[in-house]
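Asks:
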Amino acid sequence: MKLLDGIWDFAFSETSDTIPNQFPFSATVPGCFDCSPEFGGKRGTGFYRQFIKLDKDLNYRLILHGVAHNADVYLDRKLIASHHGGFTGFFVDLNPEVSANHELIIAADNRFDGLERPLHMPHFDWYSYGGIIRSVTLEPWSKVLIERIEPIIKDWKSGTATLRLFIQADKKIERPLTVEVFYENGLLKSDSIENFQQPAEIEIQIPSAKPWSPENPQLYKLDIQIADARKSLNIGFRNIRTEGNQILLNDEPIRLRGVNRHDSSVQFGFAIPPAMHLYDIQKIKELGCNFVRTSHYPPGQVFLDLCDREGILVWCEPSAWQYDEQMMNDPRTISAQQNSITEMIEQYGHHPSIICWGLLNECDSSSLKTRHVYEKLISQVRKLDSSRPVTYATCYVFARETFEETEIQDVMFDLVDWISINIYPGWYEGGPEDCNQRMDFVMKCIEKQQYNKPIIISEIGSGGIPGFEHYYPIKWSLSYQEILMERLIEYIRQNSMINGVAIWHFADILTGDDLWKRRPRQYNNKGLLDEFRRPKPVFGAIKKIYHDNW
Ligand code: ADA
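Here the numbering used here is used: position 419 in the sequence shown is 419, and no number is missing along the way.
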């Protein structure tokens, strides 16, 4: 496979979608053109160009792993693919008629366009960068292309799995074809496949396999060979399910100690380099987390590869943020969500670290008028992957000013495997002096409903502006953040009714232009680390609690 990452020719236009003749700038791939001195803050179309040598006797799959917000792909100035949504990849197959250097142009448009582009909207609480935010790869093939491998764990204890192989095969090659699975340089299993229309399935068993867990993230590297095609897969044997009000990993109850993490930084935008993914994982482990919520969109694959290797449990979700009833019921929103759910599960489902699929963050789940959307999307997730719990993060559980008014307005909890609540006692309501009372009333209110399913606090946080202190702890000061978060997370640690928590959030990020009034510095300042991933005082306070016994 050829990696097309590196320096590309670049041109930019704020108004025109027409391919320019001149490419006077340079741009890096991956990269966000609007996270640069030259184009910072601009919205329009970035045209990336490079020349690729194609052989007329070969087939090619061109894979774009992430282009935000909208992509148009041109070969020799002919439109060959388009895609909305920067956080999942897409591909286009090339069958060149002539062997030559072909001009490849990728137009990345970071403008908003209402519900025409519902996966990137100006009201979302993060800055929506534009560009080729993830890698571009070119996969030449002649007889067979292994598109993807979907591992289905049949029994985590005995290390048995079914590998579903999605294959393209040249019409001319003879059937049946032999599939070989290699493990530790030896042949583990071989089988033959006749029909390529639907995925081929091959059963494998790893002798004396150890389960994958946070304590021992055991992975087994498999190589699958079919004719001239070879693809690797790291497989982990684990089981995740809920039983009553418990979350069970490999039949043992677990409690989640986590953090929400935007796959974004002020230095690189969405194009987080591998070294920063690793830095973040090391800080997350230092904090004592066993859990990360990839708020609010799928991250770069390297981050999840690291979660697989380091034993971090992951909640992964497609891009969505506070859609109101009208947005939820718009067919453009629904179809964009359906596409991104399918792409997310197909492209990320092989990671053993992902233990649940989330969706529709803080969208309107308080009205029966949007229930059909939740039902449609949740059933689509279950149909694509019945092996993982499904949840969504709600903001419709309120700790009102007068506690007795604490109320649950959410009407969809029956649809999910566990309930996930975003709540900010002591920040949006009250302070450190009454935050635990508010938590008590919320938990009592939930207990009364007898949902008999696990409950996690999927967001809880406090602002803290780096370098800001007052002569007593006031909101936005670092000491206020430390005091409040210490109380809240210790409360959660001691309350066994709560199965886990994901603190909002890992590191300060730039947020959308529309939010500057509510976000000092136009940042979301609730990070445990600042915008350069330097720990704030609250990091040390949480680290003590997360390393305590849960
Ligand atoms: C919500 C939302 C987060 C962030 C947070 C905050 O819970 O899901 O993305 O906006 O509030 O900072 O208030």
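Just so you know, even glycine gets a beta-carbon here, dropped at the ideal spot from N, CA and C.
Please classify residue 516: is it buried, with 16 or more other beta-carbons within 10 angstroms of its beta-carbon, or exposed?
Replies: With fewer than 16 other Cβ atoms within 10 Å, it is exposed.
Asks: So for residue 339, helix, strand or coil by DSSP?
Replies: It is helical.
Asks: Would you check if the segment 345-357 and the segment 324-337 touch, i.e. whether three or more CB-CB distances between them fall below 8 Å?
Replies: No: fewer than three Cβ pairs fall under 8 Å.
Asks: Please state the DSSP three-state secondary structure of residue 124.
Replies: It is coil, neither helix nor strand.
Asks: Suppose you measure from the CA of residue 14 to the CA of residue 284; what does that come to, to the nearest Å?
Replies: The straight-line gap from Cα to Cα measures roughly 39 Å.
Asks: Looking at residue 218 and the ligand ADA, is the gap between the Cβ and the nearest heavy atom below 8 Å?
Replies: No, Cβ of residue 218 sits at least 8 Å from all heavy atoms of the ligand ADA.
Asks: Just to confirm, are residue 281 and residue 306 a CB contact at a threshold of 9 Å?
Replies: Taking 9 Å as the Cβ cut-off, residue 281 and residue 306 qualify as a contacting pair.
Asks: CB of residue 526 to nearest heavy atom of the ligand ADA: below 8 Å?
Replies: Result yes, Cβ under 8 Å from the ligand ADA.
Asks: Among all the DSSP beta bridges, which residues are the ones paired with residue 108?
Replies: 46 and 71.
Asks: Should residue 504 and residue 424 be called a contact, given that it needs their Cβ atoms to be closer than 9 Å?
Replies: Cβ atoms of residue 504 and residue 424: closer than 9 Å.
Asks: In chain order, what residues of the same chain lie with their CB nearer than 8 Å to the CB of residue 426, ignoring the 5 residues before and after it?
Replies: So the qualifying residues of the chain are 432, 434, 435, 438, 462, 484, 487 and 488.
Asks: Does DSSP put residue 221 in a helix, in a strand, or in coil?
Replies: DSSP places residue 221 in strand when its eight states are reduced to three.
Asks: Regarding residue 504 and the ligand ADA, is the C-beta to nearest heavy atom distance less than 8 Å?
Replies: Answer for residue 504: yes, Cβ within range of the ligand ADA.
Asks: Please return the same chain residues whose Cβ sits closer than 8 Å to the Cβ of residue 251, not counting the five positions on each side in sequence.
Replies: Same-chain partners within the cutoff: 239.
Asks: Rounded to a whole number of angstroms, what is the C-alpha to C-alpha distance between residue 388 and residue 357?
Replies: The straight-line gap from Cα to Cα measures roughly 7 Å.
Asks: Quickly, what does DSSP pair residue 139 with across the bridge? List them, please.
Replies: Answer is 61.
Asks: Indicate whether residue 482 and residue 464 have their beta-carbon atoms separated by less than 9 Å.
Replies: Going by C-beta atoms, residue 482 is nearer than 9 Å to residue 464.
Asks: Taking 8 Å as the cut-off, is the C-beta of residue 508 nearer than that to any heavy atom in the ligand ADA?
Replies: It does not: the Cβ of residue 508 is nowhere closer than 8 Å to a heavy atom of the ligand ADA.
Asks: Flag residue 362 as yes when its Cβ comes closer than 8 Å to any non-hydrogen atom of the ligand ADA, and as no otherwise.
Replies: Yes, since a heavy atom of the ligand ADA falls inside the 8 Å radius drawn around the Cβ of residue 362.
Asks: Does the contact criterion of 3 or more C-beta pairs under 8 Å hold for the segment 538-545 versus the segment 148-167?
Replies: Segments in contact, no.
Asks: Where residue 449 and residue 260 are concerned, what is the direct C-alpha to C-alpha distance, given to the nearest angstrom?
Replies: Cα-Cα distance, rounded: 27 Å.
Asks: Quick one: give me the first and last residue of the beta strand (DSSP E) that residue 459 is part of.
Replies: Start and end: 455-459.
Asks: Roughly how many whole angstroms lie between the Cα atoms of residue 385 and residue 376?
Replies: Cα-Cα distance, rounded: 14 Å.
Asks: Taking 8 Å as the limit between beta carbons, can you name the residues of its chain near residue 26, skipping five residues before and five after?
Replies: Cβ within range, chain order: 7, 8, 9 and 10.
Asks: Assuming residue 11 is part of the beta strand (DSSP E), what are its boundary residues?
Replies: It spans 6-13 - the beta strand (DSSP E) in which residue 11 sits, taken as one unbroken run.
Asks: Classify residue 267 as helix, strand or coil using the three-state DSSP reduction.
Replies: Looking at residue 267 - three-state DSSP - the assignment turns out to be coil, as it is neither helix nor strand.
Asks: Any heavy atom of the ligand HEM inside 8 Å of the beta-carbon of residue 295?
Replies: Only the ligand ADA can be found as ligands here, which leaves the ligand HEM out of the picture.
Asks: Confirm the yes/no value for this check: CB of residue 530, any heavy atom of the ligand ADA, distance under 8 Å.
Replies: For the ligand ADA, not one heavy atom lies less than 8 Å from the Cβ of residue 530.
Asks: Indicate the three-state DSSP secondary structure (helix, strand or coil) for residue 481 in the structure shown.
Replies: Helix.
Asks: Within the chosen definition, does the segment 109-125 reach the segment 43-54 through at least 3 CB pairs nearer than 8 Å?
Replies: Yes: at least three Cβ pairs fall under 8 Å.
Asks: To the nearest angstrom, how far is the alpha carbon of residue 188 from that of residue 231?
Replies: The alpha-carbon atoms of residue 188 and residue 231 are separated by roughly 15 Å.
Asks: Thinking residue 421 and residue 458 are a contact (beta carbons under 8 Å), I'd like their distance in whole angstroms, please.
Replies: Contact flag correct, Cβ pair sits at about 6 Å.
Asks: May I ask whether a heavy atom of the ligand ADA can be found less than 8 Å away from the beta carbon of residue 395?
Replies: Within the cutoff, so yes.
Asks: Which residue from 79, 33, 286 and 148 puts its Cα closest to that of residue 89?
Replies: When only C-alpha atoms are compared, the closest one is 148.
Asks: Taking 8 Å as the line, does the beta carbon of residue 125 fall inside it for any heavy atom of the ligand ADA?
Replies: Answer for residue 125: yes, Cβ within range of the ligand ADA.
Asks: Just to check my reading of the structure: residue 131 and residue 31 have Cβ atoms closer than 8 Å, yes? What is that Cβ distance to the nearest angstrom?
Replies: Confirmed, about 5 Å.
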